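Residue numbers (mature numbering (1 follows the signal peptide of the UniProt record, and there is no 0)): -19 to -1, 1 to 164.
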């Protein structure tokens, strides 16, 4: 079997564990609507949740909430990676950065490496229905993103600020959907 064929089979197997296939043991099942209502404390978070889960097949049917948690964590992780790439590009290609900007972006690149690790661990655990320490992985990733947000908040017109806010909201949503698993 070719390497590409093996990767396709492996990806399919991983998605069946917690994705579209069998539910994780003890995970509740609910519709997207119910999951978003249960995970959201505000209308803005509810709207973001509905948008984030818009691609779930047959959203009006009950699904294992792990499906939602996996989708949200993968989206948060992809967002964090894009922001980290943007920070690196700013550091490499923008010679007009002030010392404060350069320091903030270096800090963000560093803490985003930690966030990416923690969020990747969370995604891996969800993929195999391992909830041990999952809450800590979520919180650690979220706190890393928030520490970057706190640094760029004080910069004048930082191009990263809006991206970091999106990352924070996506990480928070992933955590709130993960909490539906009883973590």
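For glycine and all other residues, C-beta sits at the position ideal for the given N, C-alpha and C.
The structure presented is a predicted model; accordingly, all values stated were derived computationally and were not measured.
Using three-state DSSP, classify residue i as helix, strand or coil.
i: residue 10; result: strand
i: residue 126; result: helix
i: residue 118; result: helix
i: residue 55; result: helix
i: residue 110; result: coil
i: residue 60; result: helix
i: residue 78; result: coil
i: residue 131; result: helix
i: residue 138; result: coil
i: residue -18; result: Low confidence applies here, because residue -18 scores a pLDDT of 40, under 50, leaving its location unreliable; read the following figure in that light. In the structure shown, residue -18 sits in coil (DSSP, three-state: anything other than H, G, I, E or B).
i: residue 84; result: helix
i: residue 36; result: coil
What span of residues does the alpha helix (DSSP H) with residue i cover, start to end?
i: residue 43; result: Taken as a continuous stretch (DSSP letters only), residue 43 belongs to no alpha helix (DSSP H), as it is neither H nor E.
i: residue 5; result: Note, residue 5: premise wrong, no alpha helix (DSSP H); not H, not E.
i: residue 150; result: 142 to 160
i: residue 25; result: 24 to 33
Once the 5 residues before and after residue i are set aside, which same chain residues still bring their CB inside 6 Å of it?
i: residue 63; result: none
i: residue 13; result: 34, 37, 40
i: residue 166; result: For residue 166 there is no data in the structure shown, the boundaries of the chain being -19 and 164.
i: residue 49; result: 16, 34, 158
i: residue 139; result: 133
i: residue 53; result: 33, 154, 155, 158
Taking 7 Å as the cut-off, is the beta-carbon of residue i closer than that to any non-hydrogen atom of the ligand NAD?
i: residue 154; result: By its list of ligands, the structure shown contains no ligand whatsoever, and the ligand NAD lies outside what it can speak to.
With a CB to CB cut of under 7 Å and the five nearest residues on each side skipped, what residues in its chain are close to residue i?
i: residue 27; result: 17, 18, 21
i: residue 95; result: 125
i: residue 6; result: 110
i: residue 98; result: none
i: residue 164; result: 112, 115, 116
Does the distance from the CB of residue i to the CB of residue j come in under 8 Å?
i: residue 160; j: residue 60; result: no
i: residue 162; j: residue 101; result: no
i: residue 122; j: residue 103; result: yes
i: residue 46; j: residue 11; result: yes
i: residue 146; j: residue 67; result: no
Counting only the same chain and skipping the five closest in sequence on each side, list residues whose C-beta sits under 8 Å from that of residue i.
i: residue -16; result: Below a pLDDT of 50, predicted positions are generally treated as unreliable, and residue -16, at 34, falls in that range; the measurement from the model is reported next regardless. Excluding residues within five positions, none has a Cβ falling inside 8 Å.
If we count Cβ pairs, one from each stretch, closer than 8 Å, do we get three or more for the stretch 114 to 133 versus the stretch 85 to 92? Segments in contact, yes.
Just checking, does the stretch 147 to 161 make contact with the stretch 103 to 121 on the three C-beta pairs under 8 Å criterion? Look at the beta carbons and you see the stretch 147 to 161 touching the stretch 103 to 121: at least three pairs across the two are nearer than 8 Å.
Could you tell me whether the stretch 103 to 112 touches the stretch 66 to 74, where touching means 3 or more Cβ pairs closer than 8 Å? Contact between the stretch 103 to 112 and the stretch 66 to 74 is absent: fewer than 3 CB-CB pairs across the two stretches fall below 8 Å.
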